[in-house]
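Quick note on numbering: UniProt numbering labels position 314 of the sequence shown as 314, and the sequence is numbered without any gaps.
Each residue gets a CB set at the ideal place from its N, CA and C atoms; glycine is no exception.
This one's a predicted model, so the numbers in the text were calculated from it and none came from an experiment.
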Amino acid sequence: MKFLDYIRNLFTKKQEQALPAPASRSATPLDRQIEALYAILVDVMGTEKLVIQAGKMKALDLMRSADPCERVLALQRILGEDPLINPAPKPEQVPAIMDALSERVADIVARRNVENSIEKKVNEKLEKEHADYVNDIRQQVIKDEKGGNESPQDKEKREKLEKLETIKLTQSIMELLRPQDFSEIVGQERAVKSLMAKLSSPYPQHLLLYGPPGVGKTTAARLVLEAAKKKAVSPFGEEAPFVETDGTTLRWDPRDITNPLLGSVHDPIYQGAQKTLADSGIPEPKPGLVTDAHGGILFIDEIGEMDEMLQNKLLKVLEDKRAYFESAYYDPTDKKVPPYIKKLFEEGAPADFVLIGATTRDAGHINPALRSRCAEIYFEPLTPKHIQQIVRNAAEKLKVTVSDEVMALISEYTIEGRKAINILADAYSLALERCGVGDEFKVEDLGTENGPQVEITKADIYEVTQVSRLTPYVTKKASDNEIQGHIFGLGVAGFLGSAIEIEAVAFPAKEKGKGTVRFNETAGSMAKDSVFNAASVMRQLTGKDLHDYDVHINVIGGGNIDGPSAGTAILAVITSAVTGRKIRQDVAVTGEISLAGRVRPVGGVFEKAYGAKQAGIRTLVIPKENSKDIPQEHLGLDIHPVDTAEEAFKYIFATEEEKEEE
1 MKFLDYIRNL
11 FTKKQEQALP
21 APASRSATPL
31 DRQIEALYAI
41 LVDVMGTEKL
51 VIQAGKMKAL
61 DLMRSADPCE
71 RVLALQRILG
81 EDPLINPAPK
91 PEQVPAIMDA
101 LSERVADIVA
111 RRNVENSIEK
121 KVNEKLEKEH
131 ADYVNDIRQQ
141 VIKDEKGGNE
151 SPQDKEKREK
161 LEKLETIKLT
171 QSIMELLRPQ
181 DFSEIVGQER
191 AVKSLMAKLS
201 SPYPQHLLLY
211 GPPGVGKTTA
221 ARLVLEAAKK
231 KAVSPFGEEA
241 PFVETDGTTL
251 RWDPRDITNP
261 LLGSVHDPIY
271 QGAQKTLADS
281 GIPEPKPGLV
291 TDAHGGILFI
301 DEIGEMDEML
311 QNKLLKVLED
321 KRAYFESAYY
331 DPTDKKVPPY
341 IKKLFEEGAP
351 ADFVLIGATT
361 RDAGHINPAL
371 RSRCAEIYFE
381 PLTPKHIQQI
391 VRNAAEKLKV
401 TVSDEVMALI
411 SEYTIEGRKA
421 INILADAYSL
431 ALERCGVGDE
441 FKVEDLGTEN
451 GPQVEITKAD
461 IYEVTQVSRL
471 TPYVTKKASD
481 NEIQGHIFGL
491 GVAGFLGSAI
501 EIEAVAFPAK
511 EKGKGTVRFN
521 ETAGSMAKDS
531 VFNAASVMRQ
541 LTGKDLHDYD
551 VHINVIGGGN
561 IDGPSAGTAI
571 LAVITSAVTG
581 RKIRQDVAVT
591 GEISLAGRVR
601 PVGGVFEKAY
611 GAKQAGIRTL
621 VIPKENSKDI
631 PQEHLGLDIH
641 PVDTAEEAFK
651 YIFATEEEKE
661 EE
């Protein structure tokens, strides 16, 4: 279509008169070139805009001129946006001017194409964003109608969390080796039996579990609950929860703003209850762990680390079997208060559960009132044989070979089952690397005919202990020898007993009756008193006066002896140093010595027996009044209760037959 025909289809007659006349059939190439430029401008700018622009530039008459030079002048004014351009170019100037105008038109067309492309993309994106926005609004309206409250942002975060849930590393070795039944809880048969009896009863008791770390307190409680659920007389249902928390991390606020254990109240101003509640000024109670444990067990690890005031508050919940809430913002007459909030404030939240508290500290750190409402069970420290059995069970699960020597070596470095597992796990990793598992074989190939036979060696254990800076737990070792002036006493620290080496040497004083006695300053005043008591008893038994000798008594290692329980051991070592009698080195003794030579009862005999066993002691001498505190042949020890020092000497000193054999 010709340029003018195109214009006539779109504009009024007045506009038509303002446009250039159509080129005749005898039009020159210049006329066609000019018409082409006008046609391009119409496509780019639009007819209306072109006419308006020509009017501003005073080019309308020039556009309809029969003179090509004047039509070129019109193009110059329109494209140059300058109405003062004059005069019309001469014919010889027209070709150069047309080239420049063509370049200008080409630039305009190119820019307009880019703008159109960008505008198209912007429009497409706006349409997409608009569609997404409308869809989000639609989904939100639907969820609001259904009672949902998940915003698009919340949905995106939830989907991200769900995606993270699908990513899992391999099972941890502690999770793999965790005991799954009672047979795997080693060395705690008596404690587990007592725990089962107290929880499986129709009237289960609150419990406090004492014992060193890593002996199975938490695992035993969890397994006992599962077993109790299956018993007809047990009050625990199939859905009875086991809620576990750590007493060291439980914090609370005196205003009950935060209390994860007992529950808290979120006020509508500072903490922000739900929006619907906050707008009405209604506080929102948040039940705590005691309510979560309703109908089951609340297990608080390290309960001895809990704040004393929080222990008292827990005691109130145990008595009422409910957790109550208070708030200055609560108005019982406010009809806007939801029924469930009104019920929580007026009746409290149910909290009928069995409390099991575990601690590695002694009973003195527990609230006496709380202790009086709980049965107490003591978990025993693990012996080397127990540690070896734990290592053996773990090795079977890992499908590796561990010799008796390696198991014995691990038991020298720890008394905790968890620590023994950690040592084995580290050595297991070293053994896998040595055997090429991961490069040539897979872990699933272990224990199969075609797979590698992984063996953990003593070298692996030594490498682990060196890297971890571990030292042998027991450094004092008993023997079959008899030594003058050396004896094993026994002490207690926490739930663990230990052997105490005491040595003495005596020399005749330069002047009779002017001898001196030297004793460790760090041993404590009670131990010094035991020395003077022992001196008097020795004089009664042997007729020898300690003042006739220069005596030096030493507690090896410089330990502090808090109490008189080393009295009998000090008496025996002084007597040995003065008389020359030799003391058996497979015997340990504990007991206070009285001035009458009687062996008085002491505390911690059960734990002291463990310390003796750790040191390789075979014979244990204890006060007769402590004979009921410990079973006969406990831990395989030859236990002898004695009433006097003379009775104790029968087991402490080497016999005449042994002397003759030497």
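* Asked: Excluding five sequence neighbours on each side, which residues of the same chain lie with their C-beta closer than 6 Å to the C-beta of L310?
  -> Here residue 310 refers to the residue found at position 310 of the sequence shown. Around L310: W252.
* Could you spell out where the beta strand (DSSP E) holding G625 opens and where it closes? => Numbered from its first residue, the sequence shown carries residue 625 at position 625. Reading the sequence as shown, one finds Glu at residue 625 and not Gly. Segment: none, E625 is in no beta strand (DSSP E) and carries neither H nor E.
* Asked: How about the stretch 378 to 389 and the stretch 315 to 322: do they share at least three Cβ pairs that are nearer than 8 Å?
  -> Contact between the stretch 378 to 389 and the stretch 315 to 322 is not established, with fewer than three Cβ pairs separated by less than 8 Å.
* Asked: Looking only at its own chain, which residues have a Cβ that is under 6 Å from the Cβ of N626, when we skip the five neighbours before and after it?
  -> By one-based count along the sequence shown, residue 626 stands at place 626. Answer for N626: P601, V605, listed in chain order.
* Asked: Should the stretch 536 to 556 be regarded as contacting the stretch 505 to 522, the criterion being three or more beta carbon pairs within less than 8 Å?
  -> A contact between stretches requires three or more CB pairs, one per stretch, nearer than 8 Å, and the stretch 536 to 556 meets this requirement with the stretch 505 to 522.
* Is it true that the stretch 564 to 574 meets the stretch 517 to 536, where meeting means three or more beta-carbon pairs spaced less than 8 Å apart? -> Enough Cβ pairs lie closer than 8 Å, so yes.
* Ends of the beta strand (DSSP E) at G497? -> On the sequence shown, position 497 is the one that residue 497 refers to. Judged by DSSP secondary structure, G497 falls within the beta strand (DSSP E) whose first and last residues are 496 to 508.
* Please state whether DSSP places R8 in a helix, a strand or coil. => For the purposes of this step, residue 8 is identified with residue 8 of the sequence shown, where counting begins at 1. Confidence in R8 is poor, its pLDDT being 42 and thus under 50, which makes the residue's placement unreliable; the coordinate value appears in the next sentence. DSSP places R8 in the helix class (H, G or I) of the three-state scheme.
* **Cβ-based burial, S411 [other Cβ within 10 Å; buried from 16]** => The residue you call residue 411 lines up with position 411 of the sequence shown. It counts as buried.
* Simplified DSSP assignment, three categories, for E412 -> Counting from 1 along the sequence shown, the entry for residue 412 is found at position 412. In this structure, E412 counts as helix in the three-state DSSP scheme.
* Asked: Hey, is the stretch 367 to 376 in contact with the stretch 392 to 409, meaning 3+ C-beta pairs nearer than 8 Å?
  -> Three or more Cβ pairs closer than 8 Å define a contact, and the stretch 367 to 376 falls short of that threshold against the stretch 392 to 409.
* To do: Taking 7 Å as the cut-off, decide whether the C-beta atoms of I617 and A588 are in contact.
  => Numbered from 1 along the sequence shown, position 617 holds the residue referred to as residue 617. Numbered from 1 along the sequence shown, position 588 holds the residue referred to as residue 588. Closer than 7 Å, so yes.
* Limits of the unbroken alpha helix (DSSP H) element including D154 -> Translated into positions along the sequence shown, residue 154 becomes position 154. For D154, the enclosing alpha helix (DSSP H) starts and ends at 152 to 165.
* Asked: With burial defined as no fewer than 16 other Cβ atoms inside 10 Å of the residue's Cβ, what is the status of K157: buried or exposed?
  -> Here residue 157 refers to the residue found at position 157 of the sequence shown. Note on K157: under 16 other CB atoms within 10 angstroms of its CB, so exposed under the neighbour-count rule.
* Asked: Rounded to the nearest angstrom, how far is the Cβ of A358 from that of I303, given a contact under 8 Å?
  -> Position 358 of the sequence shown, counted from the first residue, corresponds to residue 358. Position 303 of the sequence shown, counted from the first residue, corresponds to residue 303. For a cut-off of 8 Å, the C-beta gap from A358 to I303 is around 7 Å, short enough to register as a contact.
* Asked: Which word fits K650, buried or exposed, when buried means at least 16 other C-beta atoms lie within 10 angstroms of its C-beta?
  -> As a first step, residue 650 is located in the sequence shown; it is residue number 650 there, counting from the start. By the neighbour-count definition (other C-beta atoms within 10 Å, threshold 16), K650 is an exposed residue.
* Helix, strand or coil: how does DSSP classify D595 here? -> As a position in the sequence shown, residue 595 is number 595, starting the count at 1. First, the residue type needs correcting, since residue 595 is Leu and not Asp in the sequence shown. Reduced to three states, the DSSP call for L595 is coil.
* With DSSP run on the structure shown, which of helix, strand or coil describes D246? -> Reading the sequence shown from its first residue, position 246 is the one you call residue 246. Strand.
* Asked: Is it a yes or a no for the stretch 339 to 351 touching the stretch 383 to 398, going by three-plus beta-carbon pairs under 8 Å?
  -> Because the criterion of three Cβ pairs below 8 Å is not met, the stretch 339 to 351 and the stretch 383 to 398 do not touch.
* Test item: CB-CB of I502 and I483 under 7 Å -> Stepping through the sequence shown from its first residue, residue 502 is reached at position 502. Stepping through the sequence shown from its first residue, residue 483 is reached at position 483. Their beta carbons are not under 7 Å apart, which means I502 does not touch I483 by this criterion.
* List the residues that DSSP assigns as beta-bridge partners of R322. => In the sequence shown, the residue the question calls residue 322 occupies position 322. P350.
* **Cutoff 8 Å; reference P83; Cβ partners in own chain excluding five residues on either side** => To locate residue 83, count along the sequence shown from 1; it is residue 83. Correct list, in chain order: K56, M57, K58, A59, R77.
* Between which two residues does the alpha helix (DSSP H) containing F649 stretch? -> On the sequence shown, position 649 is the one that residue 649 refers to. That run of the alpha helix (DSSP H) goes 645 to 652.
* Asked: So what does DSSP say about T655, is it helix, strand or coil?
  -> As a first step, residue 655 is located in the sequence shown; it is residue number 655 there, counting from the start. Assignment of T655 by DSSP, reduced to helix, strand and coil, places it in the coil class.
* Tell me where the alpha helix (DSSP H) around F519 begins and ends. => Position 519 of the sequence shown, counted from the first residue, corresponds to residue 519. Note, F519: premise wrong, no alpha helix (DSSP H); beta strand (DSSP E) at 517 to 519.
* **Residues near L344 by beta carbon distance below 8 Å, same chain, minus five either side** => Here residue 344 is taken as the residue at index 344 of the sequence shown, counted from 1. If we look at L344 and ignore the five residues flanking it on each side, its Cβ neighbours are P285, P287, F325.
* To do: Measure the Cβ-Cβ separation of T490 and T619 and say whether it is below 7 Å.
  => Along the sequence shown, read from residue 1 onward, the residue named residue 490 stands at position 490. Along the sequence shown, read from residue 1 onward, the residue named residue 619 stands at position 619. In the sequence under discussion, the amino acid at residue 490 is Leu, which differs from the Thr named in the question. Taking C-beta atoms as the reference points, L490 and T619 fail to come closer than 7 Å.
* Asked: Do you know offhand how far F519's Cα is from I421's?
  -> Your numbering for residue 519 matches position 519 in the sequence shown. Your numbering for residue 421 matches position 421 in the sequence shown. If you draw a straight line from the Cα of F519 to the Cα of I421, it comes to about 42 Å.
* Could you have a look at V186 and say whether DSSP puts it in helix, strand or coil? => If you number the sequence shown from 1, residue 186 lands on position 186. V186 carries a coil assignment under DSSP once its states are collapsed to helix, strand and coil.
* Asked: Opposite residue 672 in the DSSP bridges: which residues?
  -> Here the chain comprises residues numbered 1 to 662, so residue 672 is not present and cannot be evaluated.
* From the DSSP output, in three-state form, read off F488 for me. => Indexing the sequence shown from 1 puts residue 488 at position 488. If DSSP states are grouped into helix, strand and coil, F488 belongs with the strands.
* What's the gap between the Cα of I500 and the Cα of V555? -> Numbered from its first residue, the sequence shown carries residue 500 at position 500. Numbered from its first residue, the sequence shown carries residue 555 at position 555. Near 7 Å, if we compare the C-alpha coordinates of V555 and I500.
* Asked: Out of curiosity, what's the CA-to-CA distance linking T471 and I415?
  -> As a first step, residue 471 must be located in the sequence shown, where it is residue number 471. As a first step, residue 415 must be located in the sequence shown, where it is residue number 415. The alpha-carbon separation between T471 and I415 amounts to approximately 12 Å.
* Can you tell me the Cα-Cα spacing of A431 and V391, whole angstroms? -> In the sequence shown, residue 431 corresponds to position 431, counting from 1. In the sequence shown, residue 391 corresponds to position 391, counting from 1. Cα-Cα distance, rounded: 15 Å.
* **Nonlocal neighbours in the same chain, by C-beta distance under 6 Å from G543, ignoring five residues either side** => On the sequence shown, residue 543 is found 543 positions in, with the first residue counted as 1. Counting only Cβ-Cβ distances below 6 Å, and skipping sequence neighbours, we find nothing.
* Asked: How about I300 and T245: do their beta carbons lie closer than 7 Å?
  -> Counting from 1 along the sequence shown, the entry for residue 300 is found at position 300. Counting from 1 along the sequence shown, the entry for residue 245 is found at position 245. Yes, they are a contact pair.
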